Amino acid sequence: MDKEEFLFLIPGVLYGIAVFDLLSLVRNKKTYWESILWAMLLFFALIAIMFNLYEDLVTITSNIYYYTLFIFSPILFVQCCYLISPTDVEDDMKEVFTTNRKTFFMSLTGVIAVNLLIHVLVTNKTNYVQSLFFILIFGLSAFYDKVYLRLVAAAAIGFVIVATYIKLG
Numbered sequence: 010m011d012k013e014e015f016l017f018l019i020p021g022v023l024y025g026i027a028v029f030d031l032l033s034l035v036r037n038k039k040t041y042w043e044s045i046l047w048a049m050l051l052f053f054a055l056i057a058i059m060f061n062l063y064e065d066l067v068t069i070t071s072n073i074y075y076y077t078l079f080i081f082s083p084i085l086f087v088q089c090c091y092l093i094s095p096t097d098v099e100d101d102m103k104e105v106f107t108t109n110r111k112t113f114f115m116s117l118t119g120v121i122a123v124n125l126l127i128h129v130l131v132t133n134k135t136n137y138v139q140s141l142f143f144i145l146i147f148g149l150s151a152f153y154d155k156v157y158l159r160l161v162a163a164a165a166i167g168f169v170i171v172a173t174y175i176k177l178g
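The sequence shown begins at 10 in the numbering used here and counts up one residue at a time.
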């Protein structure tokens, strides 16, 4: 096992916890469309993130400061997944989503902000407009309880996921 593989164990475990939380949504009796939508988007976004990270792994793990900054992204991603996943199968997913909406979207904003910083500081390959748009739309979704804002955010992130799949496919 080389250094990059070893250092990727922590984010790998964190992302594994996130997937477990997302998959636990199917066991609930009371489903909610927004929770399912965001779970699907987060799952496919995670796959896109993993493929995008692969070529930058050596650079990220070559510096303890970059690596430490990088670790915040999977931590916030796990928090996002946890916030939309009810702890009990009897929990109402709509109530869980509504209760955790603000923190969920603030965590998503954090994931985008950390990834933007990583790309600016480490890889020099970023789309500032796209990243700032997501920071804005997720931030607005956190503070304004409007379904149309969340649908715009979901459509935009879905578009980026599809574009990433096409590009990397």
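We put the beta carbon where it would ideally sit given N, CA and C, even for glycine. Source: prediction; values computed, not measured.
Residue i versus residue j - alpha carbon distance
i	j	result
Thr70	Leu130	13 angstroms
Phe15	Tyr157	42 angstroms
Arg36	Met49	15 angstroms
Val169	Phe53	10 angstroms
Val67	Pro20	14 angstroms
Tyr63	Glu104	37 angstroms
Lys38	Asp30	16 angstroms
Ala9	Ile56	Look at the range of the chain in this structure, 10 to 178, and you will see that residue 9 is not part of it.
Leu34	Lys155	23 angstroms
Leu32	Leu126	29 angstroms
Glu43	Asp65	32 angstroms
Ile258	Met59	Missing from the structure shown is residue 258; the chain here goes from 10 to 178 and no further.
Leu23	Thr132	22 angstroms
Gly25	Val161	28 angstroms
Phe86	Phe106	16 angstroms
Asn72	Glu13	11 angstroms
Thr40	Asp11	43 angstroms
Asn61	Arg159	25 angstroms
Ala27	Met102	17 angstroms
Residue(s) in a DSSP beta bridge with residue i
i	result
Lys39	Asp101
Cut-off 8 angstroms between Cβ atoms - residues of its own chain near residue i, not counting five sequence neighbours on either side
i	result
Asn109	Leu92, Ile93
Lys111	Ala151, Phe152
Tyr76	Leu16, Ile69, Thr70
Residues near residue i in its chain [Cβ-Cβ closer than 6 angstroms; skip 5 each side]
i	result
Asn124	Ser82
Phe114	Phe147, Ser150, Ala151
Anticipated Cβ contact below 8 angstroms, residue i with residue j, distance rounded
i	j	result
Ala165	Phe143	7 angstroms
Leu51	Cys90	6 angstroms
Sequence-distant residues of the same chain with beta carbon closer than 7 angstroms to residue i, five excluded per side
i	result
His128	Lys134, Thr135
Leu78	Val123, Leu126, Ile127
Gly167	Leu50
### Query
Counting Cβ pairs closer than 8 angstroms, one from the region 96-109 and one from the region 130-141, do we hit at least three?
Segment contact: the region 96-109 against the region 130-141, fewer than three CB-CB distances shorter than 8 angstroms; contact not assigned.
### Message
Quick test of the definition: if touching needs 3 or more C-beta pairs under 8 angstroms, does the region 144-155 touch the region 115-129?
### Response
These segments touch.
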